[in-house]
Every structure is written in structure tokens, then in C-alpha cells.
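Protein chains in written order, with the working numbering: chain A, -17 to 521; chain B, -8 to 138.
One structure below.
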Amino acid sequence: MMMKKTLVAAAVASCFTSMTAQAVNVSQDATGQALLYPYYNVNEGNLTFVSVTNTTTVSKAVKVRFREGVGSEDVFDFTLYLSPRDVWVGVISQVGGAVRLAVPEDTSCTVPVTSVLTAASFSSARIDTAYDPDSSGTQTADEVLARLSEGHIEIIEMAELPYTAGGTDIATAITHNQAASPVAPVDCQVPTTFTGTTGLGAILDAGIVTASAVAQDFQPPSGGLYGSAAIFNAATGIYFPYNATALEQFAANPIWWPQNSQPFSAVEGAAAGVDSAGNAISNYYTADDGSTVPTAGGTLNFDLPDLSTPTTAEVTANSSAYTVYSRVAATSAPAINAGSFGGSVPAANEDKASAVTAALTGRNIQGDFITSLTFNTDWVITFPTRYTKVHDVLAAEAPFTITEDPASGQACHDVTFDYWNREERKNSTDAGVGVSPGLPAPAFSLCYEVNVLAMNGTGEFSAATSSKAVKADAPLEFEDGWASMDLSAYSITPTVLTAGDPSGDVIGLPVLGFTAVADTVSGVERGGVFGSRVTVDEQ
Amino acid sequence: MLNTFSLVGINMGGLKISLLGSLMCIAVLPACVGLKPSVEEQVNARIEAYWQAMIQKDYEKAHGFLSPGFRLKVDKFVYRNRFAGKTSYKAAAVDGLSCEEERCQAAMILEYTVHGVPPYGFEFNRTEERKELWVNVEGEWWLLPKK
């Protein structure tokens, strides 16, 4: 039985309606525990503003992570502490041949502290040394910069930080002192003490916080975050704002981890080689471990949490507040707990990445294109969990079918791409490149984590080379009309672990995105950002 | 260095002010003594004049430095709307100029303020490295924006 749901996405906020309260799902009100921003671009003078708002009355620790658009490598991440009702805004841009974050008017606490954060550049450390998209035999600085300059963003709530009567908690330290001038958090150094190099146990021993304080300071995430981003260019005046897609019920336990590069195992404080439950550390992987094939110990503290790390319900001895995410084994097929998106509480060996993937899966992407007169159109198509299935795996995992080529960064997946003009006339020839007319369906390949599709070769991002690393051309027969991209060749089959959970394939690919229309003369004064309609119904 | 590094601006921040360059021109450059200025000198002068207009928010004057073809596509009113109320340029410097026949590429260093991007609403000061193309059309040098 195919899942039968209908979904209309406003901007990137696609909304699945049949998810239960316990399952990770796309929020219908655009607030949640995890926020997904499908696109940033800092090429050709573009600035990308990004914000997150805490709508709740409780302080929160969140992970902010920028991923480049080719293969979704982590290029910049930090921990942000939001006090109640707090807003954080940052701006990324190219500065002197690097990509940098600026935080011009925000005092929210971060780890590392903001002055350190803004002095650092986006990192190419995890971009494969084999990456050589022009096959020149040499990886150039421009190729790396291009890869760092486009991508997507994920912000994940790690824990709530409740106040305690004594006022010695993190929440008190990060809350803005309204009596101060200028208004600023009480003490942003407090959360930085968690970045010690010898693990949480040593931090506790040092008396910086007490064990009971750890339990009091980290409570399960509750959601209530929303976010937005905007791409602006000072030379052209273009301005593309959009809302982030929010995931609810992402985690039932605190998933806070220190913002340091210590091996994941160091946190546990358990015997060497095993976690506190006696499980071998060699079973712990994420897609971010920086190796072609996941290796034991590759996961570092700052990698956690992310969308790639399947859940195993490990509870440490330190407190009941910690849940460890692990990838069960590199050679094992992922077991998808239907409960993760079907109704019951996630159990051991839940494939978290597949749960998020299923929640984001759409069967069709539909939207307008307008390239007549002075208009241009780009479609931004992002697969936020694709890398967990094609990157650093021994074999591609469903719903994806092709592994990433480290040299090109590509894992090209063919999709059917049909379009019509406004008088019902359908494309007569294939929309794809190199496919002969007369085949049943025109094929088109989407090769990257983020894809910028230039409709008729136009597009504010694509036409002026501001999209460099992830651009694809879509030559069309009509200047204006609408198009439908069929992703139904792909599916993921959940394993039913709990009686009564829904069964059957989830058809399609996990996708977010938007349509960016601009007037080539007046910028976006007669353009804007329009939601791509993502459906899960058979069309 | 001064012949390839001209500066204009009001609040130069960390950039050097090169009115000195103009003064030196009086004394030493060929154009000052009646010789035809070099291509680089011609383009540098156009760049300086264009960016003076931009910094002074005289967008109609700045529009006059754009290539004839681009001006047909983007009129002065539309051009003004790209910047007015959105971005204030503060300083401009040429960090390099490379010319071949009828085309010169200028490596610019620009300082500007973005006056709030909704919904964030704060001013953002920035220094940007930007490459600009100047083309010769019928004996005059014109700026050809990428879009």
C-alpha cells in the first residue's frame, strides 16, 4: 500500500499531515526542533542572512551547521544558546577568498564565542582531496571556494535549559541582562566551559558544573523554533527571502554534545572501546566522519547531533539525559523503524536518517517557470538527507541508488521532468540532456545535495555564475508555464517493528526547495520566491 | 603603484585615500603634459568618476557610465532602484587593472553599508572584492555590469 498523502508546500515549508505526535514530522506551523534551510549562496557578492527565533519561554541549546551544496560536507558549525524569546541573526559572505560568518548585531551566546566564530573561515577540511570537478588533475582553490560558497543550513535543537532556583545554571548565564547597557547575556563564558578537551567527566570533576547540574541543565528538546534566510546582492539589489522548514518530534531526549573535536567516545567516560552500556564504540558512525568508508572513532563531538545519525537508545551512566545516536554498522542495511514515522516511540536501531528522509519525501515537485520578457527562473532543489545515503557508504541506501563519486562530487539520479505551457501544451521532446525523443519519459539528472536548475538557461543564481558548483541547465520548449518533476522511481521501504505501524513503500525523494523568479532589469521588484509544490500523491 | 591603484571615497576606513594620485598626475603622468593617456589611465579615470557618483548617490550620473547596450536594457530609474535606500557605497579602490584590446577587467575593493534586509532590519557594513568589466565602445570606456 502506498502512503497516500497530499501536501502543498508554502515556500519550503512542506507539511505532512498524517504523522503522529511521536514521529519526526514536518511541522505544519513552521516551528519545531530542527530547521532546514535549503539554500545559501555567497558567490558574486551575494550575502545570505540567516535567523532563528526561540518562541518559547525556555532557553535552548541549538546546533547551527552549514553544509556545502555538492556533497553536504560540514563546512562550519557551532553551538548557539538562545534565551527565552531570543532571536539570533548571522550573515555569511565571501571575504578575501574565504567564506565567513558575521554577527553584526547579536549578543546571543555561542560556542565558540562570537569573536572567535567570526574570525574563522568556512573549512574545506572535509572536502575530499580527490574533488576535481573539471578533471584537470589538480584541485584548485577556486573549486574549493565555489564548493564552500553554496549549500544548505541545518539548525537542530539539542536540549532545553531550564532555570533553577539557585541561578547557577546555563540558562541564567545566557539570558540577557535587561538592566545592562548594552543589553547582553549575563556570562557567555559559562557554556564555553563545556568545550574542555578531556570529556564531560573531567569537566564535572573540575567542579565547573555538578553532575546534578548537568541533569538540571539539559532537558529534552521541545521545539518552538522558527527560522528564515534571505539572499541579497548589493550590486543588483536582488533579494530572495524564504522560511526554513521545521521538523517536530526530532528527539525525545537531550542530544547536546560538546562543541569540540574530541572523538565521540571521549564523552562517555566509560572503559576504552565501549560506551557506558558496554557496546563497542566501533559501531558508532555518522556520515560526517570524513572518511570514504565510515571508520570507528571517526565521529567527533561536534558532528553531533545531525540528520545522519540513526538513533540507538543508549543512555549513559552520567545521567539519564543523554541519548547517543549511532549508525549501527557500515556494512549493514539500515533498519528503518516504522515507529519513527508511523506512530510508536522510536526503539533501538532506529534509522534516524531514514526517519527524517521519510518525513521529507515527496513524489513530485511542481512549480512555475517564467522566462519571457525580462524574467528569469531558477528552481532550487535540495535533498537535505541525501548525503547520509550516498556519501561515505559502501553502497547507496534507499531511496537513493547511486553512491557519490569523490572526484566530481556527483551522485546523479535521473528523474522524469515534464512541463506544459499555459495552454496545456506538453513538451514534445525530452527535457533532459542527451535523451532521444520518443522515449516514454524525458530524463533529467539531479547530481548534488543542492541543485540549482536554470530554466531555459536563465536564473538569477545560475545565469550570472553565482551558482557555480551545483548548477544544472533545463532547456525548455516554452518560455513560460509550469513543470513537474517526478521522483517516483525511488522509494524507501520501512521495516515494520511494531504491530499496527503503517507498512509499504514511501515513494519519492526527500526534498525541499523553492522557485526563484527575478526580473533581469529591475531585480526582484517584479520577482520573488515561490514555494515549490511537493506532493506525495500519485499524479 | 599609484597608476594602477586609484581610490575614491568619503569614509575610507582602512583604505588609503588617493587624492595624492591626482596631484601626482599633474606632475608626472603623460596625460598631464598633453600626451594621450594610456588605456589604463583612461579606464582608471572612468572608474574613479563612476564610483564618485555612486558614493555620492548620484545614480543618474553613474548610469551614464554604463555601456550603451546595458543602458537600453536598464534605464536610469530602474538602475537607481537597485541601490537607493538599500545600499550606500562608502569607498572604492582599484586593486588591479588588466586590459586586452577593447576590454579591461578591474579588481575593485568596495566598502558599503546594506541598510537592513527584511526581516532582519540592521545595517551591515561590508568590504567586497568585485571584478568589473569595462569595455570600449566607439572610443569611450563603459562599465558593463554582469546583470
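Glycine is no exception: its CB is placed at the ideal position from the N, C-alpha and C atoms.
In this text the structure is predicted, and so the values were computed from the model without any measurement.
In this structure N159(A) is exposed. Its beta-carbon is surrounded by fewer than 16 other beta-carbon atoms within 10 angstroms. The DSSP assignment places complete beta strand (DSSP E) segments of no fewer than 3 residues inside the stretch 55 to 96 of chain A at 56 to 64, 69 to 77, 80 to 84, 91 to 93, in order along the chain.
Pairwise C-beta distances place the stretch 435 to 444 of chain A in contact with the stretch 348 to 367 of chain A, as three or more of them are shorter than 8 angstroms.
For E87(A), the residues of chain B that pass the 7 angstroms Cβ criterion are F113, in the order they occur in the chain. The C-alpha of E91(B) is placed about 11 angstroms away from the C-alpha of L124(B). Residue burial is scored here from C-beta neighbours: R407(A) has fewer than 16 other C-beta atoms within 10 angstroms and is therefore classed as exposed. DSSP places T370(A) in the uninterrupted alpha helix (DSSP H) bounded by 369 to 372.
The three-state secondary structure of A83(B), taken from DSSP, is strand. In the DSSP assignment, no residue is bridged to A36(B).
For the pair Y80(B) and I46(B), the CB atoms are nearer than the 7 angstroms cut-off.
In the three-state reduction of the DSSP assignment, D124(A) falls in the helix class. Taken atom to atom, the span from the alpha-carbon of G51(A) to that of T370(A) is near 14 angstroms. I156(A) carries a helical assignment under DSSP once its states are collapsed to helix, strand and coil. Under the Cβ distance rule, R121(B) counts among the residues neighbouring chain A, one pair being separated by less than 7 angstroms. N28(A) places its beta carbon less than 7 angstroms from that of S448(A).
Taking a beta-carbon distance threshold of 7 angstroms, A212(A) counts as an interface residue toward chain B.
Straight-line spacing of the CA atoms in L469(A) and P203(A) works out to 33 angstroms.
In chain order, F60, L83, V85, T92 place their CB closer than 8 angstroms to the CB of L99(A), counting only its own chain and leaving out the 5 sequence neighbours on each side. Chain order gives no chain B residues near F222(A), where near means a beta carbon separation below 7 angstroms; the closest approach is about 10 angstroms. Secondary structure of R49(A) (DSSP, three-state): strand. Using a CB distance below 9 angstroms, the part of the stretch 19 to 49 of chain A facing chain B consists of E26, G27, L29, F31, S33, ordered along the chain.
In the structure shown, the three-state DSSP call for N242(A) is coil. G209(A) carries a strand assignment under DSSP once its states are collapsed to helix, strand and coil. If you ignore the 5 residues before and after Q348(A), its C-beta comes within less than 6 angstroms of the C-beta of S466, R515, all in its own chain and listed in chain order. Within chain A, the C-beta atoms nearer than 9 angstroms to that of K77(B) come from F214, A216, G219, Y221, in chain order. Counting of Cβ neighbours within 10 angstroms places A454(A) among the buried residues, the total reaching 16 or more.
Against chain B, the CB of V71(A) has a partner CB under 7 angstroms away; the residue lies at that interface. Using a CB distance below 7 angstroms, the part of the stretch 43 to 73 of chain B facing chain A consists of K64, V65, V69, N72, R73, ordered along the chain. Interface residue (Cβ-Cβ distance to chain A less than 7 angstroms): V30(B) is not classified as such.
In this structure, V172(A) sits away from V69(B), with a CB-CB distance that is not shorter than 7 angstroms.
Under the 7 angstroms criterion on CB atoms, V108(B) is classed as interfacial with respect to chain A. In the displayed model, A337(A) falls within a helix according to three-state DSSP. Here the C-alpha atom of D288(A) lies approximately 23 angstroms from the C-alpha atom of V126(A).
Pairing P115(A) with G391(A), the inter-Cα distance amounts to about 7 angstroms. Listed along chain B are T118, E120, each with a C-beta nearer than 9 angstroms to that of G78(A).
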